[in-house]
Amino acid sequence: MSAHLTHEELTDNLLGVSSLTVNAHLLSCPACVSELEKMKSSISAFRGAAHGWSENALAADHKVPVIHRFPKRSWSANWLLAASSMVLVAIALTLYLRDYETPNPTSAVQPAAPVTKIDAAGSQNAGAQIERDNELLSQVDSELAEAVPAPMQPLRLMDSTASSVSTTK
Amino acid sequence: MTPTAIPVELIALSGEHRISELEDIDALIRLHRSKVFRFVAFSVSDRDAAESITQDCFLKAHLTRDQFRGDCSISTWLMRIAFNLVRDHTKSQKFRFWKNAAATAVDAQDLSQYLSSGASSAEEQLIAKERVEMVHRTLQELTDKQRTAFVMRFVEEMDLPEIAAVTGMSLTTVKTHLYRAVRTIRARLGATL
Chain H
9 MSAHLTHEEL TDNLLGVSSL TVNAHLLSCP ACVSELEKMK SSISAFRGAA
59 HGWSENALAA DHKVPVIHRF PKRSWSANWL LAASSMVLVA IALTLYLRDY
109 ETPNPTSAVQ PAAPVTKIDA AGSQNAGAQI ERDNELLSQV DSELAEAVPA
159 PMQPLRLMDS TASSVSTTK
Chain Y
53 MTPTAIPVEL IALSGEHRIS ELEDIDALIR LHRSKVFRFV AFSVSDRDAA
103 ESITQDCFLK AHLTRDQFRG DCSISTWLMR IAFNLVRDHT KSQKFRFWKN
153 AAATAVDAQD LSQYLSSGAS SAEEQLIAKE RVEMVHRTLQ ELTDKQRTAF
203 VMRFVEEMDL PEIAAVTGMS LTTVKTHLYR AVRTIRARLG ATL
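Heads up: the protein sequence lines correspond to chains H and Y, in order. Per my numbering, the very first residue in the first sequence carries number 9; after that it's consecutive. Per my numbering, the very first residue in the second sequence carries number 53; after that it's consecutive.
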């Protein structure tokens with residue numbers, strides 16, 4: 009006779025499929041009986057506690073039947089929900105893109121003032137520049153209108169002096 | 053007709069009777085909700101998730117009741133649905149991320165409060181409480197398959213062929229997982245008590 013039951017033989021007894029040999033051994037081995045009883049009582053206590061816990065959890069939390077809290081949605085309702093969600097997303101995207109591309113009137117007001125200032129200053133500068141340009145052009149015209157260019161004026165004076173000297177001779 | 057043959061009319065009546073039971077969803081929930089909830093709760097170790105999966109189980113059973121062929125009991129069929137839902141749930145990344153941080157985890161001390169008062173003395177009550185907490189903690193250390201087999205066999209008291217039918221495992225595989233689960237729990241109990 010072997011010393012004690014193997015783990016598999018003990019587990020078989022727990023599962024209710026033990027052999028006659030195992031049962032015979034248990035009749036004459038207090039150690040194996042004690043080990044088996046410890047396992048059986050532990051598992052039995054766990055089962056009892058688990059049943060009590062689950063009954064209490066379900067009774068405390070939910071008085072309403074499960075299915076009634078989650079009404080069945082048909083496929084058409086699901087499709088309708090999906091389609092309406094897509095439409096909402098498309099509308100939101102369109103609005104966002106429109107706002108992104110067109111400047112906001114309120115935000116355009118603030119930079120408008122500096123722009124007008126810049127324009128006014130720019131127009132004043134442009135007027136002065138035009139005046140200066142006109143003066144330069146008129147000066148150029150007057151210089152062009154002269155028979156002898158300005159750099160040649162000293163020569164002209166010398167020529168006239170020489171001619172006057174010769175005529176006096 | 054041979055003397056040992058099963059009357060076809062009886063099989064058909066049995067199947068029709070089971071299918072008609074599925075139409076009464078309130079009765080179905082009343083009869084099987086605790087069992088499904090318990091199995092799911094100890095599988096995912098999260099009370100909120102267990103309630104949600106239990107609801108999904110009955111909803112799925114109600115929506116697919118036309119597919120029930122009547123070749124097994126309604127309880128087995130429901131447990132098969134619950135087993136598949138638990139498997140899907142445990143595979144999800146979301147579950148893996150939140151597994152250790154579940155705010156509504158099934159607490160071992162909370163569980164031991166529901167011990168039956170069969171034990172006479174205070175010492176016996178204390179020992180039983182410690183054993184319940186130890187078994188519950190050790191359940192979390194088991195593999196998914198070991199835990200499933202253990203809960204189905206020792207909490208729900210399902211027989212081995214029914215466990216095999218629900219999980220899709222062979223009888224030998226179911227027994228192997230049970231041997232390993234019991235070995236682990238026995239070792240923890242032996243080490244502490």
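Idealized CB from N, CA, C, for every residue including glycine.
Quick check: the Cα distance between residue 200 (chain Y) and residue 91 (chain Y), rounded to an integer number of angstroms?
Near 8 angstroms, if we compare the C-alpha coordinates of residue 91 (chain Y) and residue 200 (chain Y).
Classify residue 94 (chain H): buried if its beta carbon has 16 or more other beta carbons within 10 angstroms, exposed otherwise.
Counting Cβ neighbours within 10 Å, residue 94 (chain H) comes out exposed, since fewer than 16 surround it.
Chain-ordered neighbours of residue 55 (chain H) on chain Y, where CB pairs are closer than 9 angstroms
By Cβ distance, chain Y contributes 206, 207, 208 and 209.
By DSSP, does residue 135 (chain Y) sit in helix, in strand, or in coil?
Correct three-state label for residue 135 (chain Y): helix.
On the three-state DSSP scale, how would you describe residue 204 (chain Y)?
If DSSP states are grouped into helix, strand and coil, residue 204 (chain Y) belongs with the helices.
Assuming residue 44 (chain H) and residue 21 (chain H) are in contact, meaning their beta carbons sit under 8 angstroms apart, how far apart are those beta carbons, in whole angstroms?
Rounded, the Cβ-Cβ distance is 6 angstroms, consistent with contact.
Residue 188 (chain Y) versus chain H: which residues are under 9 angstroms apart at the beta carbon?
Chain-ordered, the chain H residues with CB closer than 9 angstroms to the CB of residue 188 (chain Y) read 54, 57 and 58.
Check the Cβ-Cβ distances between residue 90 (chain H) and every residue of chain Y, and say whether any is below 8 angstroms.
No, residue 90 (chain H) lies away from the interface with chain Y (no Cβ there is under 8 angstroms from its Cβ).
Distance check for residue 232 (chain Y) and residue 222 (chain Y), CA to CA, integer angstroms please.
Using only the alpha carbons, I get a separation of about 16 angstroms.
Secondary structure of residue 213 (chain Y), DSSP reduced to three states:
Under the three-state reduction of DSSP output, residue 213 (chain Y) falls in the helix class.
Measuring alpha carbon to alpha carbon, tell me which of Y:130, Y:93 and Y:95 ends up nearest residue 111 (chain Y).
Shortest Cα-Cα distance from residue 111 (chain Y) to any of Y:130, Y:93 and Y:95 involves Y:130.
Closer than 8 angstroms, CB to CB, is residue 123 (chain H) near chain Y or not?
Low per-residue confidence applies at residue 123 (chain H): pLDDT is 49, beneath 50, and the placement is therefore not dependable enough to give any value.
C-alpha distance - residue 97 (chain Y) paired with residue 141 (chain Y), whole-angstrom precision
Using only the alpha carbons, I get a separation of about 12 angstroms.
In the DSSP assignment, the alpha helix (DSSP H) including residue 191 (chain Y) goes from what residue to what residue?
Start and end: 174-193.
So what does DSSP say about residue 122 (chain Y), is it helix, strand or coil?
Residue 122 (chain Y) falls in the coil class under three-state DSSP.
Residue 116 (chain Y) classed as buried or exposed, judged by whether at least 16 other C-beta atoms fall within 10 angstroms
Exposed, since its Cβ has fewer than 16 Cβ neighbours within 10 Å.
Does residue 140 (chain Y) get closer than 8 angstroms to chain H when you measure Cβ to Cβ?
Not closer than 8 angstroms to any Cβ of chain H, the Cβ of residue 140 (chain Y) fails to qualify, so no.
Mind listing the chain Y neighbours of residue 50 (chain H)? Cutoff is C-beta to C-beta under 7 angstroms, in chain order.
183, 187 and 241, listed in chain order.
Residue 230 (chain Y) touches chain H at which residues, Cβ-Cβ below 9 angstroms?
Within 9 angstroms Cβ-Cβ: 19, 22 and 23.
Can you check which of these residues, Y:102, Y:123, Y:100 and Y:127, is closest to residue 113 (chain Y) by C-alpha distance?
Of the candidates Y:102, Y:123, Y:100 and Y:127, the one whose C-alpha sits nearest the C-alpha of residue 113 (chain Y) is Y:127.
Contact defined as beta carbons within less than 8 angstroms: I believe residue 53 (chain H) pairs with residue 183 (chain Y). What is the distance between those atoms, to the nearest angstrom?
Going by Cβ atoms, the distance from residue 53 (chain H) to residue 183 (chain Y) rounds to 6 angstroms, so yes, they are a contact pair.
I'd like to know if residue 117 (chain Y) contacts chain H, where contact means its C-beta is closer than 8 angstroms to some C-beta of that chain.
Output row for residue 117 (chain Y): interface = no.
With a Cβ-Cβ cutoff of 8 angstroms, do residue 187 (chain Y) and residue 237 (chain Y) count as a contact?
Taking 8 angstroms as the Cβ cut-off, residue 187 (chain Y) and residue 237 (chain Y) qualify as a contacting pair.
In chain order, what residues of the same chain have a beta carbon less than 7 angstroms from the beta carbon of residue 213 (chain Y), not counting five sequence neighbours either side?
Counting only Cβ-Cβ distances below 7 angstroms, and skipping sequence neighbours, we find 223.
Secondary structure at residue 39 (chain H), three-state DSSP: helix, strand or coil?
Residue state, collapsed to three classes: helix.
Alpha helix (DSSP H) segment containing residue 107 (chain Y), residue limits:
99-115 is the extent of the alpha helix (DSSP H) around residue 107 (chain Y).
So, for residue 39 (chain H): in the same chain, excluding its five sequence neighbours on each side, which residues have a beta-carbon less than 7 angstroms away from its beta-carbon?
Only residues of its own chain outside the window of five on either side were considered, and among them 12 have a CB closer than 7 angstroms to the CB of residue 39 (chain H), listed in chain order.
Establish whether the CB of residue 72 (chain Y) and some CB of chain H are separated by less than 8 angstroms.
The beta carbon of residue 72 (chain Y) sits no closer than 8 angstroms to any beta carbon of chain H.
If distances are taken between C-alpha atoms only, which option among Y:193, Y:210 and Y:77 comes closest to residue 239 (chain Y)?
Residue Y:193 is the option with its Cα nearest to residue 239 (chain Y).
Would you list, in chain order, the members of the region 81-99 of chain Y that have their beta-carbon closer than 8 angstroms to a beta-carbon of chain H?
Listed in sequence order: 81, 85, 86, 89, 90, 93, 94 and 99.
Would residue 88 (chain Y) be called buried (16 or more neighbouring beta carbons within 10 Å of its own) or exposed?
By the beta-carbon neighbour count (other beta carbons within 10 angstroms, threshold 16), residue 88 (chain Y) is buried.
In whole angstroms, what is the alpha-carbon distance linking residue 120 (chain Y) and residue 132 (chain Y)?
The alpha-carbon separation between residue 120 (chain Y) and residue 132 (chain Y) amounts to approximately 12 angstroms.
Within-8 angstroms CB hit, residue 256 (chain Y) to chain H
Residue numbering for chain Y in the displayed model covers 53 to 245; residue 256 (chain Y) lies beyond these limits and cannot be assessed.
What in chain Y is Cβ-close to residue 65 (chain H), meaning under 7 angstroms?
By Cβ distance, chain Y contributes 99.
Spatially closest choice to residue 84 (chain Y) from Y:208, Y:217 and Y:226, by CA coordinates:
With distances taken between Cα atoms, residue 84 (chain Y) lies closest to Y:208.
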